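Under my numbering, the first residue of the sequence shown is numbered 6, with each subsequent residue one higher. C-beta atoms are modelled at their ideal positions from N, C-alpha and C, and glycine is treated no differently. If you're wondering where the values come from, they're calculated on a predicted model, not measured in any experiment.
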Amino acid sequence: MYFKRIGDLRTDNDKTQQEIADILSCNRQVYARYENGVREIPVFMLIKIAEYYNVSVDYILGLTDNPMPNDRKKIEIR
Numbered sequence: 006m007y008f009k010r011i012g013d014l015r016t017d018n019d020k021t022q023q024e025i026a027d028i029l030s031c032n033r034q035v036y037a038r039y040e041n042g043v044r045e046i047p048v049f050m051l052i053k054i055a056e057y058y059n060v061s062v063d064y065i066l067g068l069t070d071n072p073m074p075n076d077r078k079k080i081e082i083r
């Protein structure tokens, strides 16, 4: 699911794979593999993508259809 979302986010923002790869400091071919679902995306890259597009990681992963990040409060674990 996430590979479709990151591709849609990129095209909706009129960015090329090279531009996003540059932002992520990776090779364009590596980024293309993320978009095509050939390669799993590392968590740190997923976070960078979510921050860049100002969407939640949950949205990218398909856990919600709401792209807006939630203001998360720290939860005290007892």
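Within the same chain, TYR7, TYR39 come within 7 angstroms of ILE46 by CB-CB distance, once the 5 residues on both sides are set aside. With 16 or more other Cβ atoms from the protein chains shown falling within 10 Å of its own Cβ, LEU14 counts as buried.
Rounded to the nearest whole angstrom, the CA to CA distance from ILE65 to TYR58 is 10 angstroms. Approximately 6 angstroms separates the beta-carbon atoms of MET50 and LEU29; this is inside 8 angstroms, confirming the contact.
Closest in C-alpha terms to LYS9, from the list CYS31, ARG33, ASN41, comes ASN41. The beta carbon of ILE11 lies closer than 7 angstroms to those of TYR39, GLU40, ILE54, ILE65 in the same chain, with the five residues before and after it left out.
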